[in-house]
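Per the numbering used here, the sequence shown starts with residue 158, numbered consecutively.
Idealized CB from N, CA, C, for every residue including glycine.
Owing to the predicted nature of the structure, the values given are computational and were not obtained by experimental measurement.
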Amino acid sequence: MSQKVRAVIARRKNEPVTVETVVVPDPGPGEAVVKVQACGVCHTDLHYRQGGISDDFPFMLGHEAAGVVESVGEGVSEVEPGDFVILNWRAVCGQCRACRRGRPWYCFATHNAARKMTLEDGTELTAALGIGAFADKTLVHAGQCTKVDPAASPAVAGLLGCGVMAGLGAALNTGNVQRGDSVAVIGCGGVGGAAVMGANLAGASRIIAVDIDDRKLATARKLGATHTVDSRENDPVEAVRELTGGFGADVVVDAVGVPETYRQAFYARDLAGTVVLVGVPTPEMRLELPLLDVFGRGGALKSSWYGDCLPSRDFPMLIDLYLQGRLDLDAFVSETIALDGVEESFDRMVAGDVLRSVVVL
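As structure tokens, then:
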């Protein structure tokens with residue numbers, strides 16, 4: 158039997174979000190209804206509201222979430238009612254060419270729930286990243302539910318559902334940072350801060366945080382940065398080279414995703430070093446680089462989708478590290494807010510006043 162719950166809705170482009178009543182259907186085959194306990198406010202939610210991802214309004218926002226499985230549909234074996242789960246937006250299919258090649262983190266046919274949640278008048282909603290978790294409950298594909306240790310705080314666990322995982326994975330998975338490497342991270346918001354933490358976890362010897370905001374640079378130091386560069390006052394390429402013996406960093410993570418910062422990352426890396434793009438560009442952006450430099454500098458230019466994570470592998474492991482006191486995920490929770498505080502939290506996020514606001518239900 159369907160249920161009526163509260164949810165945050167973006168009805169039209171650039172208009173403030175509203176809290177409205179949403180109808181959540183019973184789970185169909187392969188689906189699950191999850192009672193949401195906490196959901197982080199991510200830049201991607203703002204991009205949805207701004208129409209920067211698609212024009213499939215109205216959107217049901219929220220995707221960085223943790224909660225408890227309430228019910229499951231036919232054929233679900235991965236989770237059962239009562240399981241504490243983190244929601245993910247790349248539920249792998251197991252059948253596509255990437256999955257068959259043993260690279261499921263590149264899955265080309267990820268799953269979402271087939272049934273639609275709706276407004277009370279029957280208007281179908283587009284769930285942000287197939288999740289829609291600024292809500293009391295949401296309907297997802299069961300593969301989007303990753304069971305983890307329930308001892309973890311939902312407000313912290315949910316952050317692995319998107320931004321923090323993207324940053325950690327950019328360093329650990331895509332960048333493959335090794336012990337003793339030098340790493341530079343350009344842009345130290347939530348994703349970049351997590352990349353700093355990931356580099357520190359991997360044992361990097363020198364971690365250089367680059368940003369234009371003194372507050373973010375101070376936070377980056379707390380997350381493991383050994384050096385900081387204020388790129389308002391210093392050329393970041395020259396600064397990174399100076400801090401790495403004139404060579405450049407082994408791995409440079411661009412957590413901003415604009416042409417200027419990508420060029421900085423490209424030239425701030427050592428010969429045969431790695432550039433990781435994890436910041437998300439907008440469709441109109443274009444990049445121009447001398448092809449001879451691309452050839453002559455060697456190395457690897459990589460894009461990081463969701464930190465190239467495999468939720469079933471990475472989420473439980475990272476939660477275990479958190480519970481052991483080896484991964485300070487609490488550092489990312491700047492504030493907790495109610496469901497009706499999402500619109501105001503967007504302003505604080507844009508202003509750089511928070512790493513993450515987290516809706517607690």
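>> Helix, strand or coil, according to DSSP, for ARG163 in the structure here?
In response: strand
Checklist line | C-alpha gap between ARG169 and ASP213, whole angstroms | finding: 9 Å
- If you drop the 5 nearest sequence neighbours on each side, which residues of the same chain put their C-beta closer than 7 Å to that of GLU227? VAL190, VAL191, LYS192, PRO238, LYS294
Assigned exposure category for ALA308 - 16 Cβ within 10 Å defines buried = exposed
inquiry  = Between the stretch 469 to 481 and the stretch 438 to 451, can you find at least three pairs of beta-carbon atoms closer than 8 Å?
reply    = no
Report the CB separation of GLY346 from SER461 in whole angstroms; it is logged as a contact under 8 Å. That pair is no contact at about 15 Å.
Excluding the 5 residues preceding and the 5 following GLY360 in the sequence, name in chain order all residues of the same chain whose CB lies nearer than 6 Å to its CB. ARG336
Assign PHE291 to one of two classes, buried (16 or more other C-beta atoms within 10 Å of its C-beta) or exposed (fewer than that).
buried
Item to complete: If I'm right that ALA223 touches GLN252 with Cβ under 8 Å, what's the distance once you round it to whole angstroms?
Response: Going by Cβ atoms, the distance from ALA223 to GLN252 rounds to 28 Å, so no, they are not a contact pair.
Self-check item: Sequence-distant residues of the same chain with beta carbon closer than 6 Å to GLY287, five excluded per side
Solution: TRP246, ASN269
Thinking C-alpha only, which one of ARG378, ARG426, LYS379, ALA375 is nearest PRO393? ARG426
Requested in this report: Please go through the same chain and pick out, in chain order, the residues whose beta-carbon is closer than 6 Å to the beta-carbon of ALA382, but skip the five residues on each side of it.
Outcome: VAL353, ILE364, ALA366
Quiz item: Who are the Cβ neighbours of THR178 in its own chain at under 6 Å, not counting the five residues just before and after it?
Solution: LYS161, GLU277
*asked:* Can you give me the C-alpha to C-alpha distance between PRO186 and GLU235, rounded to a whole angstrom?
replied: 13 Å
Cβ-based neighbour list, PRO473, same chain, cut-off 6 Å, excluding 5 preceding and 5 following
VAL305
* Asked: At what residues does the alpha helix (DSSP H) containing GLY347 begin and finish?
  -> 347 to 359
task = Out of VAL515, ASP487, ALA488, point me to the one whose CA is closest to GLY498's CA.
result = VAL515
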